[in-house]
Structure formats: C-alpha cells, structure tokens
Amino acid sequence: MNWIYKGKCWKFGDNLGIDGDVMPLRFALERELDPAVLSPYLMAGVDPEFPNKVSPGDIIVAGKRFGQGNPHIQGFLGIVGHGLGLVAESIPRGSFRNAINAGLPFLTGCDGVTGDVETGDDLEINFETGEFVNLSRDITRQFQPLDSQLQAIIEAGGWHANLENRIAKLRSGESAMT
Amino acid sequence: MGKTITEKILSRVTGSDVSAGDIIYPEPELLTVHDWYVVNFDKALQELGVERLYNPDILVISTDHEPVAVSPQAAERQKLVREIVKKYGIKNFFDAGRGGHGHVFPVEMGFVKPGMFVEAYDVHVTNFGAVGALAIPVLIEITEVLACGSVWLRTPDTVRVNLTGALSPGTSIRDVAQKLICDLGAARVDYAVVEFGGPALASIDIAGRHILCNTPIEVGVKSALIEPDQSTLDYLAGRVDGPIELIASDPDAVFREVIDYDLDVMEPQVAVPPTPDCVVGVSEVAGRPVHHAFIGSCAAANLSDLQQAAAILRGHKIHPDVRFIITPGTQEIMAAAEDEGLLRLFAEAGAMITQPGCGPCAGGRIGGMANGETSINTGTRNDYGRLGAPDADIYLGSSATVMASAVAGKITDPREFLS
Chain A
2 MNWIYKGKCW KFGDNLGIDG DVMPLRFALE RELDPAVLSP YLMAGVDPEF PNKVSPGDII
62 VAGKRFGQGN PHIQGFLGIV GHGLGLVAES IPRGSFRNAI NAGLPFLTGC DGVTGDVETG
122 DDLEINFETG EFVNLSRDIT RQFQPLDSQL QAIIEAGGWH ANLENRIAKL RSGESAMT
Chain B
7 MGKTITEKIL SRVTGSDVSA GDIIYPEPEL LTVHDWYVVN FDKALQELGV ERLYNPDILV
67 ISTDHEPVAV SPQAAERQKL VREIVKKYGI KNFFDAGRGG HGHVFPVEMG FVKPGMFVEA
127 YDVHVTNFGA VGALAIPVLI EITEVLACGS VWLRTPDTVR VNLTGALSPG TSIRDVAQKL
187 ICDLGAARVD YAVVEFGGPA LASIDIAGRH ILCNTPIEVG VKSALIEPDQ STLDYLAGRV
247 DGPIELIASD PDAVFREVID YDLDVMEPQV AVPPTPDCVV GVSEVAGRPV HHAFIGSCAA
307 ANLSDLQQAA AILRGHKIHP DVRFIITPGT QEIMAAAEDE GLLRLFAEAG AMITQPGCGP
367 CAGGRIGGMA NGETSINTGT RNDYGRLGAP DADIYLGSSA TVMASAVAGK ITDPREFLS
C-alpha cells in the first residue's frame, strides 16, 4: 500500500462532530457501510460542496477532537471513499478506533498542525513514518505514526478485511495475529 | 518500572511486557454475550464462513435482557438462540430461569477470579471488577474475538481511587458511586481503568463493589476494578475451584492520577435527566411526583439492595399512584430473598416481582414508561427513551431512595423512614 499522500490541504477547525458535521446521522442509523454511498455526503454539515472539490491523495487537516460524538464509523468510511488522508490534533478514542477499522491512513496527536497549514497548500504526508511536509510553506514536522499493528489493519483495508485475513490464516494453521 | 493491576493482567495473558499505550491482542479467559446479540454474532460469523468458535469453552451466554419473551418475535429469537448455542457447542448457556443477570451470576457462580481478563458484548461487564478481574466491553468486534480469539486493544492507563472515611447514616455505596462519577467527570477518566483501593475498601462488601465498578462506564472509562483483598477471598471461597491469587499494583506503578475519595457524601444522591453523571443531593429534587419506580439492573442487583429497600418498606405500602417493580439480580438472590421473607413483604406491599435479569433497564421492554411520566429507579442510565417512552423523565438513586420515593409517591429522602 502507498502510505505517502501528496495532495491539497483541506483545513478544518476543532470539534467537528462525526454525526452531522462529517456525515449525516441518518447513515449511521441505517448502518450504511459502503464508502461509495457515503462519500458524496462527506462534510455535508460544514461544506456540502466538499465532495466535488477534493481529489484522491488530498489531506484533511483538522483541529482538536475530530470526529467527536457517538462513535459511528460512517464519516471515516466517507473519507476512505474519496481516497483522502487525515491529520488531526486529536481524535476521541471511539472515533480513533473507527478510523482504524475504516482503513483510513491518519495521524493524530499532531499538536498545532492547523497553525502550519491553510486550505489549498500542497502537502506531502508519509503516514507510515509520520513525516509531514507543507511544500507550499516549506514546513517539515515529524509526528508520531500509528503503531505498526494498527498500520497492519489499515493496510489490510480496515477491520472487516483484516478479520477475513485473520480467519484465513487460522484456517491455514498460521498464527492469527495481524 | 512498576505495573498497575491492568498492566500486570495484560502482561500475563499476552506473555509479554505490557505498559499503558501498547497495542496488544490479549486473549480473554472469559467471554460473555447476552441474549440480544447471539443471533447477530451468528449471522456475522456465517457471512465470514466461520463454523467453529475459537474457544467455545470460555463463552458464557445469558438470557437476561428479555428472559420472559413478551412478544412472538422474542419467542422466535429465544428459539434461535437455543439452536445457535447447540450449533457451536457452547456449554455455559444460562437460559431464562437458570442464571439471571449476566454481569452478576458469573461472579456468584465462580466464573470470575481476581486477575482474570474478560471481554464481553455489553458495557456493564465492568461489574466483574468487583472481584479484581479486568473486564473490557467489546461491541461488534466481539465477532473477531469469537472467531480469532482476540481483538486489538490499546492498553489503558489507570486512575487510582483511594477510598477513605465512612458512609454517613442513610447513605449507601450507590450514593457514593453516583457522586464519584459526577465529581470525576468524563475528561479525567476517559479511556482509563478506574482502580479502587484505600483504607475504606475493607468496609465495602462485594455487592457494594459491584456498584462501584458499574457506574464509571457512564463517564467513558475503559473499565473499573477493585484491588482484591481478604473480603474477596472470603467471598470466593467455595465458589471458585483451584487457587486464587490476589493482585495489586506495584508501589512504583505509573497512574494517570491518584485520587482520595471520602465515602461520606453527606446526603443521598440522585442522578437527574439526561445522564447518570448529572448528580444532585436528594434535597434538590425531593417532592417531585413519580409514577414508576424499580429496583434492579446490574447497578443494584444484589440481596443487599433488596434488604435496604425492605428496611424502608416494612410497615408501609407502595403509593397508589406508583407502579413498582423489583428485579432480583439472579436466581440465587431471588431464592435468598424468599428465605428472608422479602418477596412476601414486597408482594403484600403492592410490588411487581420479575424474573431475574436486567429488568426494565434493558430498554423498557418490560415494565416501561409512558410519555409524560416520571420514574425513579436504580437502573444504569437515564437517557430519554431508556425505559421506552422518549418523553419521560428518569431519575436514578439508591435502592433506599427509590423505595422511599415509591412509598411516598414522590422523590423522597430515605432518611425520613429511618429516623
């Protein structure tokens, strides 16, 4: 898998709610899990035109508590549906788990990152190593990457795909750790 | 560097040196799932082509959310659950009338030991911390545990709460537990294990320890547990086979925070709508008329809850405007209540006594509320809609406060009945 994302920055502030801001709540209630269905509604609560503006490889840069609220996975699947990456100052733990399980490459705990970017900047992020480069402003930062075991789940394509791999390994008698 | 109880348990089950923050795949030694999720996990496993459970012998299934099927759909679901249990060869199936509440009877029957690692499909499994087990809720990912034996866990850090002082007269551990989560607040304990210890712990029985471990999940902890002690050993003697070892955090263990907390909370505490951590002294809400009351749920499942209620009720009747429900936690507790004459006392006073299990707290499927009504009860949560009707107010309190309120027909300080 390609862990290096090179694309435009889309900057958002603090406290974006996973329900409402990032994705309409109705998809959580309907238990919709198809990224193709969800992606046209990404960021509907803050910028309804967002899905028409982004390209695969672009990066959402968000402030504190990105995805706060009831931990529903649909918003993260919507991000995956566009092939975007995510860099956030913090992500509450329920949404952290969902971001992993959605198979989304992301960095979190990136203190002050929203001060280093503006929407439209050209970014290059290595989600495997945590290296963050703002090419437009010549800023380089090193953030803590995700644990390698969590990267393995993302690499597999998220929780369900990783689970299918584990089951297959068990059947063939291998260790079922990731 | 020293380790917390949680780090020690997770180090043992993974066979590695685990510290807070580490990502691990720990295999639970006990797994519990309730009657409302069995059909779901079976469907998920079928879709994945999984025909055998990784370890069916550690799984306990309890019919506690809806033991008495009150609809044709529920009866059909119960039938399916029985078929699924047979299909996977699950030995520890406690159907309606066999065990009771799945967060209570496994402790009573000796399934749970100090230092054990448990996972479950249900958040209040943290009750197992009452005897020093680390019990972590897993929701839909329980499918992975059933199929592969584990699911990833970010090792939580620990907030240590040292209990001090003594209860003031007319209050109980439920009052302390409610006030504690209000005082702690969600931010301070988010994702932490709350570990209880301290000089006052010895004064708290296993029933009280269930309550202490039950309420913190409402403010977002990962789990809660008691540092096991001589009371734990005394309780488990004759219940658990084989040796029991106590476990404690090392003196140099790293805690997120260490808090001293006094059991003297001055007056009975009541949680007001809409969340269990909105807690006030009973004097602030006393006098509000109630239509519905119940004692039960995993937050008040034990014989002592019934005893505390009985001490208030004796010589009185349930108020004519109140319907009052008692749900003993387990079959064993119900039988013990019969031995003490409590069931007769409740029945003659006008109470409904239900099959052991979750009682009305499981979404109000039995004994729910109508819009515009007010309930006071010992359930775990008071979100709008928890007991069925979306426009009904739910207050939470101790068994004594609920009983006093059911007799008076309004929220009442139980100390008025004890003087």
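Quick note, the sequences are listed as chains A and B, same order.
Read in order, the letters of the first sequence are residues 2 to 179 in this note's numbering.
Read in order, the letters of the second sequence are residues 7 to 425 in this note's numbering.
Heads up, the beta-carbon is just placed ideally off N, CA and C, and yes, glycines get one too.
Reduced DSSP secondary structure (H/G/I, E/B, other) of residue i
i, result
"tryptophan 11(A)", "strand"
"threonine 179(A)", "Since pLDDT at threonine 179(A) reaches only 47, below the 50 mark, its modelled position is unreliable, and the value read off the structure follows with that caveat. Three-state DSSP puts threonine 179(A) in coil, outside helix and strand."
"valine 134(A)", "strand"
"arginine 67(B)", "It is worth fixing the name first, because residue 67(B) is isoleucine in this sequence and not arginine. Note: isoleucine 67(B) maps to strand in three-state DSSP."
"phenylalanine 117(B)", "coil"
"serine 229(B)", "strand"
"threonine 418(B)", "coil"
"histidine 325(B)", "coil"
"aspartate 181(B)", "helix"
"isoleucine 332(B)", "strand"
"glutamine 313(B)", "helix"
"arginine 194(B)", "helix"
"asparagine 99(A)", "helix"
"aspartate 123(A)", "strand"
"histidine 298(B)", "strand"
"isoleucine 210(B)", "coil"
"valine 110(B)", "coil"
"aspartate 283(B)", "coil"
"tyrosine 6(A)", "strand"
"alanine 102(B)", "coil"
"glutamine 145(A)", "coil"
"tyrosine 267(B)", "strand"
"proline 257(B)", "coil"
"asparagine 166(A)", "helix"
"proline 143(B)", "strand"
Buried/exposed call for residue i, threshold 16 Cβ in 10 Å
i, result
"arginine 180(B)", "buried"
"aspartate 189(B)", "exposed"
"serine 405(B)", "buried"
"glutamate 119(A)", "exposed"
"glycine 21(B)", "exposed"
"valine 76(B)", "exposed"
"glycine 79(A)", "buried"
"threonine 141(A)", "exposed"
"alanine 103(A)", "buried"
"aspartate 22(A)", "buried"
Rounded C-alpha distance that separates residue i from residue j
i, j, result
"isoleucine 67(B)", "asparagine 383(B)", "26 angstroms"
"arginine 215(B)", "asparagine 127(A)", "47 angstroms"
"threonine 38(B)", "proline 175(B)", "37 angstroms"
"leucine 16(B)", "alanine 254(B)", "13 angstroms"
"alanine 414(B)", "proline 326(B)", "9 angstroms"
"isoleucine 187(B)", "serine 173(A)", "47 angstroms"
"glutamate 165(A)", "leucine 207(B)", "46 angstroms"
"aspartate 28(B)", "isoleucine 154(A)", "16 angstroms"
"valine 288(B)", "lysine 416(B)", "11 angstroms"
"threonine 179(A)", "proline 143(B)", "Residue placement at threonine 179(A) is flagged as unreliable, the pLDDT there being 47, under the threshold of 50; a coordinate-derived value is accordingly withheld."
"leucine 159(B)", "lysine 9(A)", "33 angstroms"
"aspartate 311(B)", "cysteine 367(B)", "16 angstroms"
"glycine 8(B)", "proline 162(B)", "15 angstroms"
"aspartate 41(B)", "phenylalanine 100(B)", "10 angstroms"
"threonine 149(B)", "leucine 59(B)", "10 angstroms"
"phenylalanine 423(B)", "alanine 410(B)", "7 angstroms"
"lysine 170(A)", "alanine 153(B)", "12 angstroms"
"glutamine 152(A)", "threonine 12(B)", "25 angstroms"
"threonine 360(B)", "glutamate 344(B)", "13 angstroms"
"valine 24(B)", "arginine 18(B)", "9 angstroms"
"valine 484(B)", "threonine 69(B)", "With chain B represented from 7 up to 425, any question about residue 484(B) goes unanswered, as that position is not in the structure."
Chain C within 9 angstroms of residue i, Cβ atoms only
i, result
"leucine 78(A)", "Looking for chain C here will not work: the only protein chains present are A and B."
Worksheet entry | the region 135-164 of chain A: positions lying closer than 9 angstroms to chain B by Cβ | Within the region 135-164 of chain A, the residues whose Cβ lies closer than 9 angstroms to any Cβ of chain B are, in chain order, Leu147, Asp148, Ser149, Gln150, Leu151, Ile154, Trp160, His161, Asn163, Leu164.
Worksheet item: Just checking, does the region 158-178 of chain B make contact with the region 235-247 of chain B on the three C-beta pairs under 8 angstroms criterion?
Response: Short answer: they don't touch.
Worksheet item: Would you say the region 267-285 of chain B touches the region 96-112 of chain B, given that touching needs at least three Cβ pairs under 8 angstroms?
Response: The region 267-285 of chain B, when compared against the region 96-112 of chain B, does not touch it at the 8 angstroms Cβ threshold.
Worksheet entry | Interface residues of the region 56-69 of chain A facing chain B [CB-CB below 7 angstroms] | Residues of the region 56-69 of chain A with a C-beta atom less than 7 angstroms from some C-beta of chain B do not occur.
Fill in: Proximal residues, the region 35-50 of chain B versus chain A, C-beta separation under 7 angstroms
Legend: CB atoms of the region 35-50 of chain B lying less than 7 angstroms from CB atoms of chain A are not found in any residue.
Worksheet item: Can you list, in chain order, the residues of the region 106-133 of chain A whose Cβ is nearer than 8 angstroms to any Cβ on chain B?
Response: Taking a C-beta cut-off of 8 angstroms against chain B, none of the residues of the region 106-133 of chain A qualify.
Item to complete: Count the CB pairs spanning the region 188-204 of chain B and the region 293-305 of chain B that are closer than 8 angstroms, and state whether there are at least three.
Response: Under the 8 angstroms Cβ criterion, the region 188-204 of chain B does not count as touching the region 293-305 of chain B, having fewer than three qualifying pairs.
Discussion item. Check whether the region 29-46 of chain A and the region 136-149 of chain A touch, using three or more Cβ-Cβ pairs below 8 angstroms as the test.
Written reply: No, the region 29-46 of chain A is not in contact with the region 136-149 of chain A.
Worksheet item: Looking at chain A, which residues of the region 188-220 of chain B have a Cβ within less than 9 angstroms of any of its Cβ atoms?
Response: Within the region 188-220 of chain B, the residues whose Cβ lies closer than 9 angstroms to some Cβ of chain A are Asp196, Tyr197, listed in chain order.
Worksheet item: Is it a yes or a no for the region 129-145 of chain B touching the region 76-93 of chain B, going by three-plus beta-carbon pairs under 8 angstroms?
Response: Output reads no: the region 76-93 of chain B does not touch the region 129-145 of chain B.
Discussion item. Does the structure place the region 77-91 of chain A close enough to the region 53-67 of chain A that three or more beta carbon pairs sit under 8 angstroms?
Written reply: Cβ pair count under 8 angstroms is three or more, so yes.
Fill in: Against chain B: residues of the region 26-53 of chain A by CB proximity under 8 angstroms
Identification of residues in the region 26-53 of chain A having a C-beta nearer than 8 angstroms to some C-beta of chain B yields an empty set.
Worksheet item: Between the region 136-151 of chain B and chain A, which residues of the former have a C-beta closer than 8 angstroms to a C-beta of the latter?
Response: Answer in chain order: Glu147, Thr149, Glu150.
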